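See below for the structure under consideration.
There are 2 protein chains.
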Amino acid sequence: MKSETLITLPEDIGAAGAILDFDHLDQFLGFHIRQAQGTMHRRIIDTLAAVDLTQKQAASLWLVGANPGASQIGIGGALRMDRATTMAIIDRLEGRDLVVRKRSMVDRRRHELYLTPEGQKLLVQVKKLVTAHETRFSERFTPDELDTLITLLARIYG
Amino acid sequence: MKSETLITLPEDIGAAGAILDFDHLDQFLGFHIRQAQGTMHRRIIDTLAAVDLTQKQAASLWLVGANPGASQIGIGGALRMDRATTMAIIDRLEGRDLVVRKRSMVDRRRHELYLTPEGQKLLVQVKKLVTAHETRFSERFTPDELDTLITLLARIYG
DNA sequence: TATTGTTATACTCTATAACTATA
DNA sequence: TATAGTTATAGAGTATAACAATA
């Protein structure tokens, strides 16, 4: 028994739709999550190009904005990035004067992270862009469907 | 109004659970897809380390096995990879003598892809590993839930 | 002109290891 | 001993650009 699936391709990948035997690969959760995440990621890259930020950079900016004084380990943990990855991202944000590091007085190992005025200004724009991006995808679902989808997704990593 | 969320972290990331204000970031579909995909991806990397393959390499091997004679553009399209990415992955598989390229007699621009006997042998093992990996995640859901989840995910990129 | 494969190149994310300083 | 940050390094994936061969 063969499962044939028509995959519609983004214009920049491949030439046209291709019919391939997926041999049950397309019955796997991991397959669909990867496709869905890839699709949304490509779109958010384009969306955030307007402010020259990547998704991780934008998410980090967002969390620092909501949690002034948070540490790198805190931000990284929330976004599931290790220390080295978080480091690189905060470096980038600091290099653009969007975020500042301040040595913590309570625990001198930690650096407290804060948005600069520029960071705060950019975050306003980021929130608009990300919200619009999210809407473009979430409007494909009813509120109930969206709620179900998010609840089920959370069970994968919760 | 602040939404506080407890995130349980993988042992290799961060020190312990951290409570952060996500400021609605955790109400976004993109956020949860990324977390879920990251979780499954980390796990499949560990799983496929036994055969020294990445997820993309394994998926490409799988599709070539199911579609003997498929072209790179065909494989890449099905997995949503551009030509350069597909090229690198097939190069790796060919370098390990798992896949061979044969010039097509019908369209001499194309290279037909085939598994070698070694590739076929390894694919058997890959299917066991991937299926076990999938089961570890899919068993968190009832059949109905899994069906719903996959159907909703497919709507994102369909 | 368009498509397939190829090569070169660059960037992001991810991860590991080792080091400093602080707790 | 453990934690937070840092630095160096490496690999995978993604993407663009340019080119050759072929349609």
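For the record, the sequence lines run as chains G and D.
Taking this note's numbering, the leading residue of the first sequence gets 1, the next gets one more, and so forth.
Taking this note's numbering, the leading residue of the second sequence gets 1001, the next gets one more, and so forth.
Glycine is no exception: its CB is placed at the ideal position from the N, C-alpha and C atoms.
Note that the structure is a prediction, hence the values are computed from the model and not measured.
Within chain G, partners of residue i - CB distance below 7 Å
i: Thr1039/D; result: Ile156 and Tyr157
i: His1032/D; result: Ile150, Leu153 and Ala154
i: Ala1088/D; result: Within chain G, no residue comes near Ala1088/D; the closest Cβ sits about 15 Å away, beyond 7 Å.
Contact set between residue i and chain G, taken where Cβ atoms lie within less than 8 Å
i: Ala1070/D; result: Leu20
Where residue i meets chain D, residues with beta-carbon distance less than 9 Å
i: Ser138/G; result: Phe1028 and Leu1029
i: Leu63/G; result: Leu1020, Asp1021, Phe1022, Asp1023 and Leu1025
i: Leu146/G; result: Leu1029 and Leu1152
i: Ala84/G; result: What Ala84/G touches in chain D: nothing, since even the nearest Cβ is about 11 Å away.
Counted within 10 angstroms of its Cβ, other Cβ atoms place residue i as buried (16 or more) or exposed
i: Ser104/G; result: exposed
i: Arg34/G; result: buried
i: Leu1048/D; result: buried
i: Gln125/G; result: exposed
i: Ala132/G; result: exposed
i: Glu118/G; result: exposed
i: Glu1134/D; result: buried
i: Ala1036/D; result: buried
i: Ile1019/D; result: exposed
i: Arg1109/D; result: exposed
Other residues of its chain near residue i: CB distance less than 8 Å, five sequence neighbours each side excluded
i: Met87/G; result: Gln72
i: Val51/G; result: Ala58, Leu122, Gln125, Val126 and Leu129
Limits of the alpha helix (DSSP H) - the one that residue i falls within
i: His1133/D; result: Pro1117 to Ser1138
i: Val64/G; result: Gln55 to Ala66
i: Arg83/G; result: Arg83 to Gly95
i: Arg1109/D; result: Element bounds for Arg1109/D: n/a, residue is neither H nor E.
i: Phe1022/D; result: No alpha helix (DSSP H) contains Phe1022/D, which DSSP labels as neither H nor E.
i: Lys78/G; result: The residue you asked about is not Lys; residue 78/G is Ala in the sequence shown. Counting along the chain, the alpha helix (DSSP H) containing Ala78/G begins and ends at Gln72 to Leu79.
i: Phe1031/D; result: Leu1029 to Leu1048
Under 8 Å from the C-beta of residue i: neighbouring residues of chain D
i: Ile44/G; result: Gly1030
i: Ala50/G; result: Going along chain D, no residue has its Cβ under 8 Å from Ala50/G, so there is no contact; the nearest lies around 17 Å.
Of the residues the options, the one placed nearest residue i, counting alpha carbons only
i: His111/G; options: Phe137/G, Pro68/G and Gln27/G; result: Pro68/G
i: Lys1102/D; options: Gly1077/D, Lys1127/D, Ala1070/D and Leu1122/D; result: Ala1070/D
i: Arg1080/D; options: Phe141/G, His32/G and Glu139/G; result: His32/G
i: Gly65/G; options: Tyr157/G, Val99/G and Asp107/G; result: Val99/G
i: Lys1128/D; options: Asp1144/D, Thr1039/D, Trp1062/D and Asp1021/D; result: Trp1062/D
i: Thr1116/D; options: Glu1094/D, Arg1109/D, Arg1108/D and Ile1150/D; result: Glu1094/D
i: Leu29/G; options: Asp1021/D, Leu1149/D and Gly1158/D; result: Leu1149/D
i: Arg96/G; options: Asp82/G, Arg140/G, Leu53/G and Thr85/G; result: Leu53/G
Partner residues on chain D for residue i, Cβ-Cβ distance less than 7 Å
i: Glu134/G; result: Phe1028, Leu1029 and Gly1030
i: Leu113/G; result: In chain order: nothing, as chain D lies at least about 12 Å away.
i: Gln35/G; result: Arg1080 and Tyr1157
i: Ala59/G; result: Leu1025
Contacting residues, own chain, Cβ-Cβ under 6 Å from residue i (five flanking each side not counted)
i: Ile1089/D; result: Lys1056, Gln1057 and Ser1060
i: Tyr114/G; result: Pro68 and Val100
Own chain residues within Cβ distance below 7 Å of residue i, not counting five before or after
i: Ile44/G; result: Gln55 and His133
i: Ala78/G; result: Leu63
i: Ser1138/D; result: Leu1146
i: Arg92/G; result: Gln57
i: Asp82/G; result: Gly76
Start and end residues, beta strand (DSSP E) containing residue i
i: Arg1101/D; result: Val1099 to Arg1103
Heavy atom of the ligand MN within 8 Å of residue i beta-carbon
i: Thr1131/D; result: In the structure on display, the ligand MN does not appear, and there are no ligands present to speak of.
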